[in-house]
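Novice: Submitted below is the structure of interest, expressed as structure tokens.
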Amino acid sequence: MTEPQDAPVAGEDKAALSPGEQRLIPDLDRSNTTNGNMYGLQAGTVKGNVTILDATGSAPDLMLRRATAEEIDEVRKHFVAPQQMDKARRLLREHHVVVLWGRGSGRMFTARRLLVDAGCGAVIEMNRDRTPRSVKESDLVRGEGYIWDLSDSGGTPFADWEFDNLAALVRGKACELVIVLDRRNQVVGTAHDVAVGLTPPSAVEVAQATIRKLEPDAPEQPSTLLKSEFAEALTDEDRPEKAVRAARLAIRVARGELDAPSALAELEEDVRDAVAQWFGEQNGIEIPKALAVALLENQPFEEVMRHGMNLDQRIRSAELPEDKKLRPRRVFAKSKEALLRDIRAVPTVRDHPRHAGLREETVRFERQDWAKTVFWHVWGEFPSARDVLTDWMCDPAMLGRFPDATRRTLCAIIAEVPAHDPLRLVDQLATRSSVAQRRLAAAMLEHLADDHDLLPLVRQTLEDWADRGSAYRQWTAATVYGSPFGLRDLPTALLQLAKIGRTDRPSPQNAVVAGVLAMLGDQEHREHVLNTVVSWTNGQNRRNGLRTVSLSLGMWITGIVPSDLDSREFAEDYPDQVRTLVNRVLADPEFGDVALSQLADLAAYARWDERAAAALVDLTTLVAPNLRWWTRRSTVLTLVRTHPAWRTSIHHVFRTARRAQRAKR
1 MTEPQDAPVA
11 GEDKAALSPG
21 EQRLIPDLDR
31 SNTTNGNMYG
41 LQAGTVKGNV
51 TILDATGSAP
61 DLMLRRATAE
71 EIDEVRKHFV
81 APQQMDKARR
91 LLREHHVVVL
101 WGRGSGRMFT
111 ARRLLVDAGC
121 GAVIEMNRDR
131 TPRSVKESDL
141 VRGEGYIWDL
151 SDSGGTPFAD
161 WEFDNLAALV
171 RGKACELVIV
181 LDRRNQVVGT
191 AHDVAVGLTP
201 PSAVEVAQAT
211 IRKLEPDAPE
221 QPSTLLKSEF
231 AEALTDEDRP
241 EKAVRAARLA
251 IRVARGELDA
261 PSALAELEED
271 VRDAVAQWFG
281 EQNGIEIPKA
291 LAVALLENQP
301 FEEVMRHGMN
311 LDQRIRSAEL
321 PEDKKLRPRR
331 VFAKSKEALL
341 RDIRAVPTVR
351 DHPRHAGLRE
361 ETVRFERQDW
371 AKTVFWHVWG
381 EFPSARDVLT
391 DWMCDPAMLG
401 RFPDATRRTL
411 CAIIAEVPAH
421 DPLRLVDQLA
431 TRSSVAQRRL
441 AAAMLEHLAD
451 DHDLLPLVRQ
461 TLEDWADRGS
471 AYRQWTAATV
481 YGSPFGLRDL
491 PTALLQLAKI
501 GRTDRPSPQN
511 AVVAGVLAML
521 GDQEHREHVL
531 NTVVSWTNGQ
541 NRRNGLRTVS
551 LSLGMWITGI
561 VPSDLDSREF
571 AEDYPDQVRT
581 LVNRVLADPE
591 FGDVALSQLA
601 DLAAYARWDE
611 RAAAALVDLT
621 TLVAPNLRWW
631 TRRSTVLTLV
641 RTHPAWRTSI
651 HHVFRTARRA
661 QRAKR
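Sequential numbering of the sequence shown, starting at 1, is according to UniProt numbering.
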């Protein structure tokens, strides 16, 4: 459980929504007309579609990076297969999709070899910031091979139906997909038949293959040294990364650059000790640049360096007296080659993921486990740097481009660095006015609950926020409950969302609507969630915030406000629930006014817009199944009594709907 909560941000509990936050509940105190498309829901007239979208911006590119010719050649010539390789090949050949799990087993290298063996024309890593449901057929190219690395993603990264839809797209496009996970329990039910658990290949064989790659002309002496000096230090449980380091050390010993005892000591040296020693030798630009590489490993070099310079300026500004100005760095102080050598990083030139014929350069550390350890060391040994690092990682430019990298790094820090209040950083982010930073806090809680065994602490924190948290803390809790985390214990999640929804604060109410809409996107749980929304619209909640939440949801679900939701599908699959929702929305004095405004707009456009006419017929037949004058008469009179100011418009709406219905026949 977190420490006693700080006071809310000034104006937090009274504020409506944060800047840039999509509005999903109507502002009933406003009356406005919006021409063109609009991202949110207001009271008044909306001419154009209302679209539900992620307030953080447009979706990132699906294709992250392409394997280089050197990487393809390496995996062809120097791959050491794990025991389960034949099974993985067979499953990929039969289903076009295979799921690999097992940390420290060389999953990414194995995935690349599987796609090469399958004859793929290109091997492409997909962006982990995208969701499976966001992939479209047009995103995939026939004959290409894709790797989706979802390690360190926490919980189950996708639902059964998402996996099924994605697998169908891949098969239909005749391409190949390898999904990489950490643990067996992350594999959803429908993916079990194509899942393979990997164990590390022989470490000695991996080291021998590495020597043949690095020393193709004279591998004999390093290979002999490897067997005589390093073999006992390599076990069957060791990760391939350790075997690669052993090979490099054997080569250095063979060249006379290092003696065998020193090389063996370096091989067995704990990475934390190695990082601490490296830090003790640095005092300049190398530290912020190393931290940038640690956060953004395998990302484009120029972006990593730009963020490194930004961190350098932040650090030097924090150390600068108030009466002094920051001196610029020397432009030609150190070459790229020298800098990367000093921070123990290496570049890779590869084909550009989007622009054919162009190339880009990415950067990573020489040692695979170096990145997280760099942050653990800085966070643990230099507490005064924490605020600077947090602000840098949570800067809008960083979160807009690399949200997942920030999430994984901060979660690793929380899980590994001792602290009396482990979730204090999450709590600080949850009280920020920035939507992106609160989304980060929510994603961190989901991740910590799964990958770092902090579920009891996360659960208690969420319950505390739902019970008595500030507006932004409740917003964050609602976002977590509306995520796949909440679907694992759906009754509890819906109870907590209802508790948060009863508040009179617009921001948490809006987050509850967003969370429930996300839940409705999961086909397996849709009916249960929809029934719960209907129950929220009953008279018991007439005087609390759940009225606003449930009726707002009713407007989205029924299609009164057009959105990306398929309201016709809802009406066909759950006619009773949808009919109840639309009638309760129209029966409400305030929400009914908003709904009638939308219907009046549809009626105005119905003469020349077939889609508007079809939507009008769909909605009015939910209220009055038979649109003939005599049979709809009682329904129309009831609406007129509830909304007398809309009398003329109500009659016009139903006359127009009947006319459109007859014309359609």
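Beta carbons are placed, not taken as given, at the ideal position from N, Cα and C, and that holds for glycine.
Is residue 475 near residue 517, with beta carbons less than 8 Å apart?
Specialist: Start at 1 with the first residue of the sequence shown, and residue 475 comes out as number 475. Start at 1 with the first residue of the sequence shown, and residue 517 comes out as number 517. For residue 475 and residue 517, no; Cβs fall outside 8 Å.
Novice: Which residue or residues does DSSP assign as beta-bridge partners of residue 146?
Specialist: Position 146 of the sequence shown, counted from the first residue, corresponds to residue 146. DSSP output for residue 146 lists 124 and 177 as bridge partner(s).
Novice: From the DSSP output, which residues share a beta bridge with residue 361?
Specialist: By 1-based counting over the sequence shown, the position of residue 361 is 361. Answer by DSSP bridge pairing, in chain order: 349.
Novice: Contact between the segment 109-125 and the segment 145-154 is defined here as three or more beta-carbon pairs at a separation below 8 Å; is this criterion met?
Specialist: yes
Novice: Return the first residue and the last residue of the beta strand (DSSP E) that residue 65 is part of.
Specialist: Counted from its first residue, the sequence shown places residue 65 at position 65. Residues 63-66.
Novice: Check whether the Cβ atoms of residue 299 and residue 402 lie closer than 8 Å to each other.
Specialist: Indexing the sequence shown from 1 puts residue 299 at position 299. Indexing the sequence shown from 1 puts residue 402 at position 402. The answer is yes: Cβ separation under 8 Å.
Novice: Apart from the five residues just before and just after residue 196, which ones in its own chain have a Cβ nearer than 8 Å to its Cβ?
Specialist: If you number the sequence shown from 1, residue 196 lands on position 196. The residues are 84, 87, 88, 91, 98, 99, 100 and 101.
Novice: Is there at least one non-hydrogen atom of the ligand GTP closer than 7 Å to the beta-carbon of residue 552?
Specialist: Of ligands this structure carries none, so the ligand GTP is not represented either.
Novice: Just to confirm the assignment, what range does the alpha helix (DSSP H) spanning residue 639 have?
Specialist: By 1-based counting over the sequence shown, the position of residue 639 is 639. From DSSP, the alpha helix (DSSP H) with residue 639 extends over 629-642.
Novice: Does the count of Cβ pairs from the segment 116-133 and the segment 181-191 closer than 8 Å reach three?
Specialist: no
Novice: Which full runs of the beta strand (DSSP E) of 3+ residues lie inside the segment 168-235, going along the chain?
Specialist: Segments of the beta strand (DSSP E) lying fully in the segment 168-235: 176-181 and 195-197.
Novice: Give the DSSP-derived three-state secondary structure of residue 300 in the structure shown.
Specialist: Position 300 of the sequence shown, counting from 1, holds the residue named residue 300. Of the three classes helix, strand and coil, the one that applies to residue 300 here is strand, per DSSP.
Novice: Got a sec? Which residues, its chain only, sit under 6 Å from residue 602 by beta carbon, not counting five neighbours each side?
Specialist: Counting from 1 along the sequence shown, the entry for residue 602 is found at position 602. Counting only Cβ-Cβ distances below 6 Å, and skipping sequence neighbours, we find 612, 615 and 616.
Novice: Mind reading off the beta-carbon distance from residue 558 to residue 550? Whole number of angstroms is fine, and I expect it under 8 Å.
Specialist: Taking the first residue of the sequence shown as 1, we reach residue 558 at position 558. Taking the first residue of the sequence shown as 1, we reach residue 550 at position 550. Between residue 550 and residue 558 the Cβ distance is about 12 Å, and since that is not below 8 Å, they are no contact.
Novice: If I'm right that residue 388 touches residue 318 with Cβ under 8 Å, what's the distance once you round it to whole angstroms?
Specialist: Stepping through the sequence shown from its first residue, residue 388 is reached at position 388. Stepping through the sequence shown from its first residue, residue 318 is reached at position 318. Contact holds; Cβ gap of about 5 Å.
Novice: So which of 357, 354, 394 and 412 has the shortest CA-CA distance to residue 378?
Specialist: For this step, residue 378 is matched to residue 378 along the sequence shown. It is 412 whose Cα lies nearest to the Cα of residue 378.
Novice: Do you know offhand how far residue 591's Cα is from residue 493's?
Specialist: Along the sequence shown, one-based indexing puts residue 591 at 591. Along the sequence shown, one-based indexing puts residue 493 at 493. C-alpha separation (whole angstroms): 26 Å.
Novice: What separation, rounded to the nearest whole angstrom, lies between the Cα atoms of residue 210 and residue 236?
Specialist: Counting from one through the sequence shown, the residue named residue 210 turns up at place 210. Counting from one through the sequence shown, the residue named residue 236 turns up at place 236. Roughly 17 Å separates the two Cα atoms.
Novice: Given 8 Å as the limit, is there contact between the segment 337-346 and the segment 415-422, that is, 3 or more CB pairs closer than that?
Specialist: No, because fewer than three Cβ pairs between the segment 337-346 and the segment 415-422 fall closer than 8 Å, the two stretches do not touch.
Novice: In the DSSP assignment, find the unbroken alpha helix (DSSP H) run with residue 608 in it and report its ends.
Specialist: Residue mapping note: residue 608 aligns to position 608 of the sequence shown, counting from 1. Premise fails: residue 608 is in no alpha helix (DSSP H) and is neither H nor E.
Novice: Using DSSP with H/G/I as helix, E/B as strand and the rest coil, what is residue 653?
Specialist: Taking the sequence shown and counting its residues from 1, the one referred to as residue 653 is at position 653. Of the three classes helix, strand and coil, the one that applies to residue 653 here is helix, per DSSP.
Novice: State yes or no: is the C-beta of residue 454 within less than 8 Å of the C-beta of residue 478?
Specialist: Counting from one through the sequence shown, the residue named residue 454 turns up at place 454. Counting from one through the sequence shown, the residue named residue 478 turns up at place 478. Residue 454 is not a Cβ neighbour of residue 478, given a cutoff of 8 Å.
Novice: Spatial neighbours of residue 409 within its chain, please: CB distance less than 6 Å, with the 5 preceding and 5 following residues excluded, ordered by chain position.
Specialist: The count along the sequence shown starts at 1 and reaches residue 409 at position 409. The answer, listed in chain order, is 295 and 375.
Novice: Determine, using beta carbons only, whether residue 207 and residue 234 come nearer to each other than 8 Å.
Specialist: Here residue 207 refers to the residue found at position 207 of the sequence shown. Here residue 234 refers to the residue found at position 234 of the sequence shown. Yes. Within cutoff.
Novice: Quick one: give me the first and last residue of the beta strand (DSSP E) that residue 100 is part of.
Specialist: The residue you call residue 100 lines up with position 100 of the sequence shown. Where residue 100 is concerned, the enclosing beta strand (DSSP E) stretches over 97-101.
Novice: Given this structure, state the Cα-to-Cα distance separating residue 462 from residue 449, to the nearest angstrom.
Specialist: Stepping through the sequence shown from its first residue, residue 462 is reached at position 462. Stepping through the sequence shown from its first residue, residue 449 is reached at position 449. Their backbone Cα atoms lie some 11 Å apart in a straight line.
Novice: Going by the beta-carbon positions, is the gap between residue 508 and residue 17 smaller than 8 Å?
Specialist: Within the sequence shown, residue 508 is the residue found at index 508, counting from 1. Within the sequence shown, residue 17 is the residue found at index 17, counting from 1. No, the Cβ-Cβ distance between residue 508 and residue 17 is not below 8 Å.
Novice: Which residues mark the beginning and the end of the alpha helix (DSSP H) in which residue 428 is found?
Specialist: Stepping through the sequence shown from its first residue, residue 428 is reached at position 428. Start and end: 424-430.
Novice: Given that a residue counts as buried once 16 or more other Cβ atoms are within 10 Å of its Cβ, and exposed if not, what is residue 42?
Specialist: Numbered from its first residue, the sequence shown carries residue 42 at position 42. No answer about residue 42 holds up, because its pLDDT of 46 lies below 50 and its placement is not dependable.
Novice: How big is the Cα-Cα spacing for residue 307 and residue 289?
Specialist: Reading the sequence shown from its first residue, position 307 is the one you call residue 307. Reading the sequence shown from its first residue, position 289 is the one you call residue 289. One C-alpha to the other measures close to 8 Å.
Novice: For the alpha helix (DSSP H) holding residue 540, just list the boundary residues, first then last.
Specialist: Looking up residue 540 in the sequence shown gives position 540. No alpha helix (DSSP H) holds residue 540; DSSP gives it neither H nor E.
Novice: Give the secondary structure of residue 129 by DSSP, where H, G and I count as helix, E and B as strand, and everything else as coil.
Specialist: As a first step, residue 129 must be located in the sequence shown, where it is residue number 129. In the structure shown, residue 129 sits in coil (DSSP, three-state: anything other than H, G, I, E or B).
Novice: Hey, how far is the Cα of residue 359 from the Cα of residue 69?
Specialist: Within the sequence shown, the letter at position 359 stands for residue 359. Within the sequence shown, the letter at position 69 stands for residue 69. Each residue's alpha carbon lies about 12 Å from the other.
Novice: By the three-class DSSP mapping on this structure, what secondary structure does residue 84 have?
Specialist: Translated into the one-based positions of the sequence shown, residue 84 becomes position 84. Coil.
Novice: Pull up the distance between the alpha-carbon of residue 76 and that of residue 116, whole angstroms please.
Specialist: Mapped onto the sequence shown, residue 76 falls at position 76. Mapped onto the sequence shown, residue 116 falls at position 116. Going by the C-alpha atoms only, they are around 8 Å apart.
Novice: Within a Cβ cutoff of 6 Å, which residues of the same chain sit near residue 52, ignoring the five residues on either side of it in sequence?
Specialist: The sequence position of residue 52 within the sequence shown is 52, counting from 1. Only weak support exists for where residue 52 lies, its pLDDT of 38 falling under 50; the coordinates are left without a value.
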